[in-house]
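Per numbering that gives the first Met the number 0, residue 0 is the first one in the sequence shown, and the count goes up by one each step. Read the structure below first, then the notes.
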Amino acid sequence: MAVEALHETLLMDAIINPEVIPHNVSYAFLASIILIVTALIVRGSMRLVPRGIQNFIEMIVEAFLKLAEENIGHHWGKRLFPLIGTLFIFILLCNFMGLIPGFTAATANINTNAAMAVPVFLATHYYGIRVHGIKYINHFLGPIRSIAALPLMILMFTVEFIGHLARPLTLTVRLFGNMTAKHILLLVLAILAPWIIPTTILALGVLVSVVQAFVFTLLSTLYLAGAVEEAH
Numbered sequence: 000m001a002v003e004a005l006h007e008t009l010l011m012d013a014i015i016n017p018e019v020i021p022h023n024v025s026y027a028f029l030a031s032i033i034l035i036v037t038a039l040i041v042r043g044s045m046r047l048v049p050r051g052i053q054n055f056i057e058m059i060v061e062a063f064l065k066l067a068e069e070n071i072g073h074h075w076g077k078r079l080f081p082l083i084g085t086l087f088i089f090i091l092l093c094n095f096m097g098l099i100p101g102f103t104a105a106t107a108n109i110n111t112n113a114a115m116a117v118p119v120f121l122a123t124h125y126y127g128i129r130v131h132g133i134k135y136i137n138h139f140l141g142p143i144r145s146i147a148a149l150p151l152m153i154l155m156f157t158v159e160f161i162g163h164l165a166r167p168l169t170l171t172v173r174l175f176g177n178m179t180a181k182h183i184l185l186l187v188l189a190i191l192a193p194w195i196i197p198t199t200i201l202a203l204g205v206l207v208s209v210v211q212a213f214v215f216t217l218l219s220t221l222y223l224a225g226a227v228e229e230a231h
């Protein structure tokens, strides 16, 4: 009984105390649950002629499937589409949650964004090696590959290596900076002008939320496309 009571106490502390489970983790789990429940609802009410939420979801799916296939190719685009589509929908939902009073965006925390950027970075090189094998290193050596151009190849490798390491950092910081700035601006304007200006900025916040979700997804798509394409 004492063990069960201790377990319940620790569980309540984890739910209530943000130092045990940070807010960004809680809201990320909430966004995940919303997406899973929505997917189950859509799956359970599939119709030949879509309408309502099914129609909306199919529009998003078709748009990002087209984006993946146009940039990565039909074969790998179709296989990588679930990752690309999930990134966009999850980031967009988290961004929108930050616009609701009393809520915060999980993407306004740098740890959440890093948790998405690092898997994209790893997936990029995983699929690059899977497609090209050892020849994947040619992506880092530049267009001229010969013994005479060895110093240039070493320089290109160093530049490309640093550039690839910077990718997850730029993905993380860009989304974090824009989401944090948006929340701070909304808070300041809500104090200075409680109704008129915040309403305008809220509309701008919706636009920023969509654009930042799309930018993160598009860059991830281009990184994956660059990894699976042939080196020139």
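Note that CB positions come from ideal geometry on N, CA and C, so glycine has one too. This one's a predicted model, so the numbers in the text were calculated from it and none came from an experiment.
If we ignore side chains and look at the alpha-carbon of each, how far apart do VAL172 and GLU68 end up? Mapped onto the sequence shown, residue 172 falls at position 173. Mapped onto the sequence shown, residue 68 falls at position 69. When rounded, the distance between both Cα atoms is 27 Å.
Cβ neighbour criterion (16 or more within 10 Å) applied to TYR222: Numbered from 1 along the sequence shown, position 223 holds the residue referred to as residue 222. Counting of Cβ neighbours within 10 angstroms places TYR222 among the buried residues, the total reaching 16 or more.
Just to confirm my understanding: we take THR235, look at its own chain, exclude 5 residues before and 5 after, and list those with CB closer than 8 Å. What are they? Given a span of 0 to 231 for the chain in the structure shown, any question on residue 235 remains unanswerable.
Which parts of the stretch 108-168 are runs of the alpha helix (DSSP H), unbroken and 4 residues or longer, counting only runs that do not cross its ends? 109-131
Hey, would you say the C-beta of LEU170 is under 7 Å away from at least one heavy atom of the ligand GTP? As for the ligand GTP, it is missing from this structure, which has no ligand bound.
Among ILE88, LEU29 and HIS22, which residue has its Cα nearest to the Cα of PHE215? Counting from 1 along the sequence shown, the entry for residue 215 is found at position 216. Out of ILE88, LEU29 and HIS22, ILE88 has the C-alpha closest to the C-alpha of PHE215.
From the DSSP output, in three-state form, read off ARG46 for me. In the sequence shown, counting from the first residue as 1, residue 46 sits at position 47. In the structure shown, ARG46 sits in coil (DSSP, three-state: anything other than H, G, I, E or B).
In angstroms with no decimal places, state the Cα-to-Cα distance between LEU9 and LEU218. Residue numbering aside, residue 9 sits at position 10 when the sequence shown is read from its first letter. Residue numbering aside, residue 218 sits at position 219 when the sequence shown is read from its first letter. In this prediction, LEU9 scores a pLDDT of 39, lower than 50, which makes its location untrustworthy; the coordinate-derived value is nonetheless stated afterwards. Taking the straight line from one Cα to the other gives about 41 Å.
PRO167 to ASN112 span [Cα, whole Å]: As a working note, residue 167 is residue 168 in the sequence shown. As a working note, residue 112 is residue 113 in the sequence shown. When rounded, the distance between both Cα atoms is 9 Å.
Looking only at its own chain, which residues have a Cβ that is under 8 Å from the Cβ of VAL2, when we skip the five neighbours before and after it? Within the sequence shown, numbered from 1, the residue matching residue 2 stands at position 3. Reliability of the predicted coordinates at VAL2 is poor, the pLDDT of 40 falling under 50, and the value obtained from them is presented with this limitation in mind. Apart from sequence neighbours up to five positions away, no residue of its chain approaches VAL2 with a beta-carbon distance below 8 Å.
Which residue marks the beginning of the alpha helix (DSSP H) containing GLU69, and which one marks its end? To locate residue 69, count along the sequence shown from 1; it is residue 70. It spans 52-71 - the alpha helix (DSSP H) in which GLU69 sits, taken as one unbroken run.
Cβ neighbour criterion (16 or more within 10 Å) applied to HIS73: For the purposes of this step, residue 73 is taken as the residue at position 74 of the sequence shown. It is exposed - the Cβ of HIS73 has fewer than 16 other Cβ atoms within 10 Å.
Between the Cα of PHE299 and those of ALA148, PHE139 and ILE146, spot the shortest distance and give me the residue it belongs to. Here the chain comprises residues numbered 0 to 231, so residue 299 is not present and cannot be evaluated.
Can you grab the Cα-Cα spacing for the pair TYR125 / THR169, in whole Å? Here residue 125 refers to the residue found at position 126 of the sequence shown. Here residue 169 refers to the residue found at position 170 of the sequence shown. A direct Cα-to-Cα measurement between TYR125 and THR169 gives close to 20 Å.
Using 8 Å for Cβ pairs, my map puts PHE80 next to TYR26. What's the rounded Cβ distance? For the purposes of this step, residue 80 is taken as residue 81 along the sequence shown, with counting starting at 1. For the purposes of this step, residue 26 is taken as residue 27 along the sequence shown, with counting starting at 1. Actually they are not in contact, since the Cβ atoms of PHE80 and TYR26 sit about 26 Å apart, beyond 8 Å.
What's the C-alpha gap between GLY225 and PHE120? In the sequence shown, residue 225 corresponds to position 226, counting from 1. In the sequence shown, residue 120 corresponds to position 121, counting from 1. Approximately 12 Å between the Cα atoms of the pair.
Tell me the rounded alpha-carbon separation between GLY43 and THR85. Counting from one through the sequence shown, the residue named residue 43 turns up at place 44. Counting from one through the sequence shown, the residue named residue 85 turns up at place 86. Approximately 19 Å, taken between the alpha carbons.
Would you report the Cα separation of ILE190 and PHE213, rounded to the nearest angstrom? Mapped onto the sequence shown, residue 190 falls at position 191. Mapped onto the sequence shown, residue 213 falls at position 214. Cα to Cα, the separation comes out at about 30 Å.
Output yes or no for whether 8 Å exceeds the beta carbon distance between PHE175 and ILE90. Against the sequence shown, residue 175 aligns to sequence position 176. Against the sequence shown, residue 90 aligns to sequence position 91. No; because the gap between Cβ atoms is not below 8 Å, this pair is not in contact.
Can you look up ILE90 in the DSSP assignment and give me helix, strand or coil? Numbered from 1 along the sequence shown, position 91 holds the residue referred to as residue 90. DSSP places ILE90 in helix when its eight states are reduced to three.
On a Cα-Cα basis, can you pick out the residue from HIS182, ALA148, LEU206 and VAL117 that is closest to HIS163? Residue mapping note: residue 163 aligns to position 164 of the sequence shown, counting from 1. Among HIS182, ALA148, LEU206 and VAL117, the Cα nearest to that of HIS163 belongs to VAL117.
Is LEU98 helix, strand or coil when you go by DSSP? Walking along the sequence shown from the start, residue 98 turns up at place 99. Assigned with DSSP and collapsed to three states, LEU98 falls in coil, not helix or strand.
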